[in-house]
Each structure stands twice: as C-alpha cells, then as structure tokens.
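What follows is a set of notes on a single structure, which appears directly below.
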C-alpha cells in the first residue's frame, strides 16, 4: 500500500476476429518485420451526418511502454503512425495531437479510402483516429472519433471487403475496449512482452462485442450469446454527438463535455477532442453522471437510449453460457480465460474465453466436484477447485478441463476447504473450515502429493468463512470469519513445512476476502462494510480508525487488486430489493466509486459472490442470484494473471 497517493486458449480469439479482419492469431514466433497493408475504406459520421474534411490517421498501438489510466503521455507510449503517404501531413512535430503524421481526408459524403501505403507489425493492434471536419454546423476541431481494427494480420492484408464505419458508437466501443492501455487518443501502448501483447489483443477484441465495425451500430447481444447494454452505449455516443454536431470547441456542448470528462473525472486535464473525452469517461465511469447525461437528451441521434440517468457509465456485458449455475468463484488464467466454479444442483466448472464464449465443452463435471467454494490457477493454467463438502477435497483440471492424474486431491489435512490459492512454486494452499471450525492450512504439490501433515499446517484457528492468499514473499495469509482476524502462516520455501504464524485482529469485523498488493500489503474486505489493510508484518496501516469506508462498500463478499494495486470489492446490499455493486479504492485508500458503487442491470437483485480482474483491465463478477457472470469492460488497470505468476515474480498488483 502506497500511502502517498502463452498462447491463446484452445478456442482462439482468431475464431471471432475474422468478423473484423483476417489472419489475426497471435503467435510468439510472428515476425517483427512490418508488412505492407491492403486498401481500407470507410466513412466518418457525426450522429447521422457525414463529417466532411476530417483527417483520418492510421495508428498502431506501441509496444515500448504502458499507457493507460494514471500514466502520463510520453514518447515511449505514443501510438505509432502507419501511413507512409496521404492527402496531407500535419506540420506540427513538437508533440501535438497528431505528431506530424500523414492522413487522408474524408470527402463530401464522409467517405475515405486508404490505399496500401502503410505498414504494420504482425500481432500488434491497429486503430483509426479521425480528427476535425464539418458535421454540418461548421468546421469543428473538437471532433475526434475512433475505430478498433484489431490485430495486424501476419501477411499485412486486411479483408478486401472490410468497410469501417466511424462514428460516436465506434468511438465508445474502442475507448472502453482498450481503456486500460490508453492515456489519450494518440497514446495507446503496452509493453512488448508476449503476455502483454496477448492482453492488448484481447482488449481490442472486446470492441467487436460492443458494436458492428462495418455499420457503427451498438450490439444488443454478443456473438457468444452474451447481453450488451445497447441503450447505454447509444447514450454515451449521444453525449459525444452533442459536441461533434456543434459549432466547435467553444460551443456549450463541447465545453460542458470537456469540463465533465477530465483525466481524473472532475480534475486533471480537460480533453480537446471527443475521442480523448471518451477514453477519460471510460477511466472515470462514476464521475459527473448528471452533467454528462444531460448532454445526451437534446437531439439524440442513436436509439434506443437510456430513458433515465444511470448510476454510472460502466459498460458491463452479461454471460450465462457454458452451464453457469449459482456461480461461487472465478479466476483468470494466462490466456485471459475466465474459470467459474458453479454450485448449482450439479456442481461444475465453466471456462469462458475473453469474449465470453464457452470453451472446451463447458461445463466440466465429475472428478469430485461437490459444493465448490473457491478456485485458483497455477502457472501452467491448471485449475484447482476447493470442494467444501463433507470431508472435502480439491478437484484438479488441466487447461482444457480434463481431470489431472490423482484428482480429486485429498490428504495433507484437507478438511472442508473453503479457500484456495497457488504459490510461486505451484504448490496448492487450501484454507480449511474443518469439522468443529478447527481450521488450518493444507499444502499440496501440484500433482496432489501432501506436503503438510495429516493435521494441516499452522495451529488450529477456528474458521467460519476462510479465504487464503499468498504474498510475493511466499507467505500464506488466511482470514478467520468468526474470530474476526487474519492469520499469517510462514512456511519453509523449499519443503513447505510450517514454521510459525502470527495473528492480527485489530479492527477486522467478519472478514470475507483478502488480496495482496504490489507492496505485499494485505487488503481485507468485511461484512462489516469496510476495508482493513495490514502490512507484511500484520500491523494495521489503513487510516481512518484502521478502516477504509465509502464507495458503496456494504456486506462485502470478495476483493481483488488491479495492475495499479487499486482494490476492487464485490458487495451485496441486503434490503428490498436486494442488489449488488462494485467498489474501487485507490492504493492509498481513497474511494474511487460513488457512494452507490458501480452497478449494472446485470447485478440487480443478485448476490455477487466473487470477482477477478484480467490482463486487459476487465472486471469479472459472479452473480450467484441469477446464475450469470458480468464483465465490466476496461474498468480496471490490466493485471498479471494468473495470480501464481505474480507470486513467483513478486509482481502482484502490477501491470503484466
């Protein structure tokens, strides 16, 4: 806590991305040599009017350093201009919005064409940026629009029939999809590692789950059967259109938009074009909702739209594919796939692709699955599920959902396990409820060999609702519900043998979940509607009577850290009607969500039991009450997955 402020899964994204382009699979052996591109064509519209004289730029996301929320624009994260010629070239090379790059110009019908005069590097992400032009009310330098093309094909050839409709809907889809990698419209970047390139590919692909690239129309359902908040996307597009269709940056619509969409929401730097405003709104979806919503209602060009002001402007997709039934736990693997433990009438496990498509014949059943309570993934994408039934066991699956040899695992003191984690050596850590609440911690190898003794490791400490986590030093942390405390269990890093433990109970009231940040501080959420933070020695370091409150925290169920070590918490609000929400806290403990948290129609009248954050910055939430999973697109900072990799490399709570 800072007190100052692999390869693709077996269902490759390449199976879906041909809707946008061809030849897009990510390969660790892809050549780094740029490829000459094929012709592209499309249109630029402001609402329902063509934008005449817009400057069209073709950019490639950089790979030399992260951009994104909280990251300043710099030369190391500036998008790479791809055009080698054009109808014009911006003369400002001093770091202006287009950095001296070539562009083509839209014609009297908003149409434009790019011939093969560009190169892009295979397995990097490509997007279009339109700046300026006249949408019917005069030349407007504040017009900025985006369209996410996605992966540069290995042969440099986009589909010959590809038509790209750029408008405010495509801008919202692109801005939210790659928000975790974007500082502004011309600074979109990740690191150059293989895993980072996979994560940004997954992020760009999300745009195709929000709108149709060839028409600029917001979707109501995804290709995998998920539901999309079409009316909300249209409302966000209408907000942008109020400025795009105005007389210019000095108009009331533009000045109001830019004042309500600063880099930190209500503070920071105001954008100068609508594309960057959209990115800022994706970074701050709970800020200035009334002011922004008011811009959408004058002459809305996109329908259907929201009929009332929403709680926030997060965009959440909803999935129920692959046999999701009363989901209790979720974890993200190294390919960005979400693994969900289901406690329905038949216990099962579901695997969803980053686009919400069920994979590998999901749901998986058998192999000892009974009352699954938690799930964890090792560095080889093997999946381990704690079965909290009778004496209990651990189900072990490989990356395709097939049982590993010896599954289900028993021994080592496993006794009604509720929490599960994997350390940096791929040892399985189980937190046991235990008969008579005499819980402890069990340690097993990834093949199921018991490392802890028959009574488990650590002294028996009564447990009612236990979760476990491993910090970057390999120490095990467990929470003890009835004893209102957290336990640090130290083990031998070679043998896994128990050495000692330390207990902390200062200010912890009915803890329900814990997560580790980049400083190895321990964040604990509670049913007492607050968050307590301990340092690596177990001392409370959260300010405000030892607790962080606000931001919608109430009856918390689970907690996870994103790549900026901001804490995300799933909450259940009891009452009539019951509903759920998400809370976010900065690493210094400031509530970043409004007092009502972030909500969506997918979470109303549900019980969010668990959440996980993926390497693209999406927040996944299990809705136990209606047997669905929500994916909040681009809401968080991309983080290292699976957590076992973060433990091994001491990179928990950091960008990949």
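Residue numbers (the working numbering): 131 to 786. For glycine and all other residues, C-beta sits at the position ideal for the given N, C-alpha and C.
Nearest by alpha-carbon distance to residue i: which of the options is it?
{"i": "residue 463", "options": "277, 758 and 744", "result": "744"}
{"i": "residue 428", "options": "372, 472 and 395", "result": "372"}
{"i": "residue 659", "options": "340, 676, 648 and 669", "result": "676"}
{"i": "residue 483", "options": "440, 465, 326 and 375", "result": "465"}
{"i": "residue 723", "options": "682, 205 and 783", "result": "682"}
{"i": "residue 185", "options": "201, 742 and 231", "result": "231"}
{"i": "residue 736", "options": "332, 716, 499 and 711", "result": "711"}
{"i": "residue 497", "options": "478, 485 and 506", "result": "478"}
{"i": "residue 686", "options": "191, 504, 673 and 702", "result": "702"}
{"i": "residue 394", "options": "345, 366, 277 and 313", "result": "313"}
{"i": "residue 284", "options": "529, 168 and 334", "result": "168"}
{"i": "residue 358", "options": "772, 725, 763 and 770", "result": "763"}
{"i": "residue 262", "options": "771, 345, 730 and 183", "result": "183"}
{"i": "residue 545", "options": "556, 518, 530 and 526", "result": "518"}
{"i": "residue 237", "options": "742, 338 and 175", "result": "175"}
{"i": "residue 297", "options": "641, 282, 315 and 368", "result": "368"}
{"i": "residue 259", "options": "697, 786 and 404", "result": "404"}
{"i": "residue 759", "options": "304, 386, 461 and 305", "result": "461"}
{"i": "residue 640", "options": "468, 655 and 377", "result": "655"}
{"i": "residue 413", "options": "198, 689 and 717", "result": "198"}
{"i": "residue 86", "options": "521, 526, 354 and 422", "result": "Nothing about residue 86 can be read from this structure; the chain reaches only from 131 to 786."}
{"i": "residue 696", "options": "678, 689, 715 and 680", "result": "715"}
Where does residue i sit, in a helix, a strand or coil, going by DSSP?
{"i": "residue 282", "result": "coil"}
{"i": "residue 813", "result": "Here the chain comprises residues numbered 131 to 786, so residue 813 is not present and cannot be evaluated."}
{"i": "residue 212", "result": "coil"}
{"i": "residue 715", "result": "strand"}
{"i": "residue 605", "result": "coil"}
{"i": "residue 474", "result": "coil"}
{"i": "residue 749", "result": "strand"}
{"i": "residue 288", "result": "coil"}
{"i": "residue 642", "result": "strand"}
{"i": "residue 207", "result": "helix"}
{"i": "residue 306", "result": "helix"}
{"i": "residue 294", "result": "strand"}
{"i": "residue 581", "result": "coil"}
{"i": "residue 235", "result": "strand"}
{"i": "residue 499", "result": "coil"}
{"i": "residue 377", "result": "coil"}
{"i": "residue 264", "result": "strand"}
{"i": "residue 518", "result": "coil"}
{"i": "residue 507", "result": "strand"}
{"i": "residue 686", "result": "strand"}
{"i": "residue 270", "result": "coil"}
{"i": "residue 766", "result": "coil"}
{"i": "residue 382", "result": "helix"}
{"i": "residue 194", "result": "coil"}
{"i": "residue 589", "result": "Confidence at residue 589 is low in this model, with a pLDDT of 45, below 50, so the placement of that residue should be treated as unreliable; the coordinate-derived value is given next. Coil at residue 589, not helix or strand."}
{"i": "residue 188", "result": "strand"}
Please check the pair residue i and residue j, which I expect to be a contact at CB under 8 Å, by giving their CB distance rounded to whole angstroms.
{"i": "residue 456", "j": "residue 757", "result": "6 Å"}
{"i": "residue 616", "j": "residue 606", "result": "So it is not a contact: roughly 11 Å between Cβ atoms."}
{"i": "residue 173", "j": "residue 280", "result": "Their Cβ separation, rounded to whole angstroms, is 19 Å, which puts residue 173 and residue 280 out of contact at 8 Å."}
{"i": "residue 273", "j": "residue 347", "result": "No, residue 273 and residue 347 are not in contact; Cβ-Cβ is about 20 Å, not under 8 Å."}
{"i": "residue 305", "j": "residue 730", "result": "No, residue 305 and residue 730 are not in contact; Cβ-Cβ is about 18 Å, not under 8 Å."}
Quickly, what does DSSP pair residue i with across the bridge? List them, please.
{"i": "residue 403", "result": "Answer is none; residue 403 lacks a bridge partner."}
{"i": "residue 548", "result": "None; residue 548 has no bridge partner."}
{"i": "residue 178", "result": "Answer is none; residue 178 lacks a bridge partner."}
{"i": "residue 481", "result": "469"}
{"i": "residue 255", "result": "281"}
{"i": "residue 691", "result": "697"}
{"i": "residue 738", "result": "753"}
{"i": "residue 778", "result": "Residue 778 is not bridged to any residue."}
{"i": "residue 758", "result": "753"}
{"i": "residue 173", "result": "241 and 295"}
{"i": "residue 533", "result": "527"}
{"i": "residue 654", "result": "644 and 662"}
{"i": "residue 318", "result": "312"}
{"i": "residue 513", "result": "507 and 527"}
{"i": "residue 557", "result": "Residue 557 is not bridged to any residue."}
{"i": "residue 785", "result": "None; residue 785 has no bridge partner."}
* At what residue ranges does the segment 414-469 contain a whole run of the alpha helix (DSSP H), taking only runs of 4 or more? -> 419-425
* To do: Output the residue ranges of the beta strand (DSSP E) runs that lie fully inside the segment 656-682 and measure 3 residues or longer, sorted by chain position.
  => 661-664
* Minimum length 4: unbroken alpha helix (DSSP H) runs contained in the segment 320-367 -> 324-335
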